[in-house]
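K.L.:
Below you'll find the structure I mean.
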Amino acid sequence: MRLLIILNENPPGSHIDVHNALSKLKQEGALQSYVIFPWLAYFERGIHSQDIAASIAKTAREFEPTAILWAHTAGLRVSTDTINNLRQLPSRPSMGYFEGDLYESPYKPLPTEVLNLAVACDVIFCPGFGVMTDLLKRKGCLDIRYVPSPTDEWRFGRVRDGSEQILFDVVMVGNNVFSRLPWRTMPGSRERRELAKFFQERLGSRFAVFGMGWKAPYAAGPIPFDQQIDLYHRSRIAFGVNNLHAKYSFSNRLPIAMSCGVPMVYGYETGFDEVFEPNCGAFFFKDKWDAWSIIKNLLAKDQTELDEIGEIANRFALSRFTTTHIFRYMCETLAFYAPNNRDRRNHGIPTNPWIRSTCVY
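Here it is in structure tokens:
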């Protein structure tokens, strides 16, 4: 398969995990070749959507892809004519849309340009099923598939070596996102603030939150994305909760922490019993007292025991939640939809490796 991916990347090359994953899939033979078009780099230079779309079309004509994958293109307007022209290329590419974020009105409405593009695609890949996927279904999307938020196995696939000094009992990585209109603040944001206050009262300086927008004793400031592994290696337990709730959904903070080899305590979502195995190194809570009970039990263990749990978490995350895993599945699905796929009847729709359903809608 020849893949053209329209990627939300700025600067070009900064999505290290995507570049490495596609290179690995090419080495495995899952991809014949690929081209990454970093649309966001053009967009943030002030280039108009119409001109970016023209550059995408030119790249496609020259490359002749058999599949096109649009990745998180909020803000990029692509006309119906451009989509039709891409469809009519001699290679007749299949087309998919990959959205790594959840959207839900009134907190975070799905952008119109994303909706229009998604409806024109053969298949949609989403990190959870809920309000957003219900909207996509109503608007005519026929095949909506689950792909989890991944970890980067190259940057975050390493456990503690035992030499790092432990600074925190519990850490949470996440921004304090809120609206001036209280009814537009995402449910998980309110829950995150309540939980942060709750744990600071019980753990004091042994609890810290890293991210933007926090003003409290536990606020430790922003942390560069690549440095999360150093933080987790200096912490006994990681903690997190979603901004928006949807079946199967979790932030990439969860698999990142797991792949760094730290036990993760995370807010439960419907469907987690399908996605996660018992004793996988992640622990799920349904309210703050449930979370506190889990954390107290974990903190009662010595560091050797926690490191053993962290190693289990690392192996579990790297066995199914990496960028390579999700791109392999998306490529298999796009290949299934390619018009020249003569083996479609023999092989059927690719099986979803994370949940029992091939697709829900």
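Going by the working numbering, the residue at position 26 of the sequence shown is 334; the numbering climbs one at a time, nothing skipped.
By construction, the Cβ of each residue, glycine as well, lies at the ideal position given by its N, Cα and C atoms.
1. When we look at the beta-carbon of Leu425 and count the other beta-carbons within 10 Å, is it buried (16 or more) or exposed?
2. Would you check if the distance between the CB atom of Ile324 and the CB atom of Asp460 is smaller than 8 angstroms?
3. Would you report the Cα separation of Arg663 and Trp597, rounded to the nearest angstrom?
4. What number of angstroms, rounded off, separates the C-alpha of Arg653 from the C-alpha of Ile545?
5. Grab me the residues of Ser402's own chain with a C-beta within less than 6 angstroms of its C-beta, minus the 5 sequence neighbours each way, in chain order.
6. Pick from Ile603, Pro458 and Ser331: whose alpha carbon is nearest that of Asp595?
7. DSSP on Pro686, reduced to helix/strand/coil?
8. I'd like to know whether the C-beta atoms of Trp378 and Arg510 end up nearer to each other than 8 angstroms.
9. Buried or exposed for Thr388, please, with buried defined as at least 16 other CB atoms from any protein chain shown within 10 angstroms of its CB.
10. For Asn424, is the beta carbon positioned less than 7 angstroms from some heavy atom of the ligand NAP?
11. Under DSSP, the beta strand (DSSP E) around Ser543 begins and ends at which residues?
12. Determine the DSSP secondary structure at Ala268, reduced to helix, strand or coil.
13. Is the beta carbon of Ile452 closer than 8 angstroms to that of Ala428?
14. At which residue ranges does the stretch 401-470 contain complete beta strand (DSSP E) runs of 3 or more residues, listed in the order of the chain?
15. Could you pull the DSSP bridge partners for Gly341 from this structure?
16. Could you name each continuous alpha helix (DSSP H) segment of 4 residues or more that falls completely within the stretch 583-665, going from the start of the chain to the end?
17. How about the stretch 523-543 and the stretch 586-594: do they share at least three Cβ pairs that are nearer than 8 angstroms?
18. For Met440 and Leu339, I'd like the C-alpha separation in whole angstroms.
19. Check this for me: beta carbons of Arg628 and Pro658, under 8 angstroms apart or not?
20. Starting from Val485 and walking both ways along the beta strand (DSSP E), at which residues does that stretch end?
21. What three-state label does DSSP hand Phe476 in the structure shown?
22. Counting beta carbon pairs with one atom in the stretch 619-635 and one in the stretch 443-450, are three or more of them shorter than 8 angstroms?
23. Taking Cβ to Cβ, would you say Gly496 is nearer than 8 angstroms to Leu552?
24. Can you round the beta-carbon distance between Thr631 and Ala329 to whole angstroms, since I take them to be within the 8 angstroms contact cut?
25. Terminal residues of the continuous alpha helix (DSSP H) containing Val326?
26. Hey, quick one: how far does the alpha helix (DSSP H) through Ala256 stretch, first residue to last?
27. Go ahead and pull the three-state DSSP assignment for Phe515.
28. So Tyr574 is in the beta strand (DSSP E); what residue range does that whole segment cover?
29. Short of 7 angstroms in beta carbon distance, which residues of its chain neighbour Gly448, apart from the five on each side in sequence? Order them along the chain.
30. Helix, strand or coil: which one does DSSP assign to Pro532?
P.N.:
Reading it off the structure:
1. Counting the other Cβ atoms within 10 Å of the Cβ of Leu425 gives 16 or more, which makes it buried.
2. It is a contact, given that the beta carbons lie within the stated cut-off.
3. This sequence places Ile at residue 663; Arg is not what is there. Here the C-alpha atom of Ile663 lies approximately 29 angstroms from the C-alpha atom of Trp597.
4. Low confidence applies to Arg653: its pLDDT is 48, below 50, so where it sits in the model is not reliable enough to give any reading.
5. Excluding positions up to five away in sequence, the list reads Ala375, Asp430, Leu642, Tyr645 and Ala646.
6. Among Ile603, Pro458 and Ser331, the Cα nearest to that of Asp595 is on Ile603.
7. No answer is possible for residue 686: the residues shown for the chain start at 309 and end at 669.
8. Pairing Trp378 with Arg510 gives a Cβ-Cβ distance that is not under 8 angstroms.
9. By the 10 Å Cβ count, Thr388 comes out exposed.
10. The ligand content of the structure shown is nil, which means the ligand NAP is not present either.
11. Unbroken beta strand (DSSP E) run through Ser543: Ser543 to Gly548.
12. Absent from the structure is residue 268, since the part of the chain shown begins at 309 and ends at 669.
13. Against a cut-off of 8 angstroms, the Cβ pair of Ile452 and Ala428 comes out as no contact.
14. DSSP assignment within the stretch 401-470 yields the following whole beta strand (DSSP E) runs of 3 residues or more, N-terminal first: 402-406, 431-434 and 452-454.
15. Reading off the sequence shown, one finds Ser at residue 341, where the question assumed Gly. In the DSSP output, where bridge partners are listed per residue, Ser341 has Arg310.
16. You should have 596-607, 611-628, 631-645 and 652-655.
17. The stretch 523-543 vs the stretch 586-594: no contact.
18. Our two residues, Met440 and Leu339, have alpha carbons roughly 30 angstroms apart in a direct line.
19. In this structure, Pro658 does not lie closer than 8 angstroms to Arg628 by Cβ.
20. From DSSP, Val485 is part of no beta strand (DSSP E); its letter is neither H nor E.
21. Annotated three-state conformation of Phe476 is strand, per DSSP.
22. Short answer: they don't touch.
23. If you check the CB distance, Gly496 and Leu552 come in under 8 angstroms.
24. Going by Cβ atoms, the distance from Thr631 to Ala329 rounds to 4 angstroms, so yes, they are a contact pair.
25. It spans Ile324 to Glu336 - the alpha helix (DSSP H) in which Val326 sits, taken as one unbroken run.
26. Look at the range of the chain in this structure, 309 to 669, and you will see that residue 256 is not part of it.
27. Phe515: strand per DSSP, three-state reduction.
28. Bounds of the beta strand (DSSP E) holding Tyr574 are Met572 to Gly575.
29. Within its own chain, the residues whose Cβ lies closer than 7 angstroms to the Cβ of Gly448, once the five positions on either side in sequence are excluded, are Val427, listed in chain order.
30. Coil.
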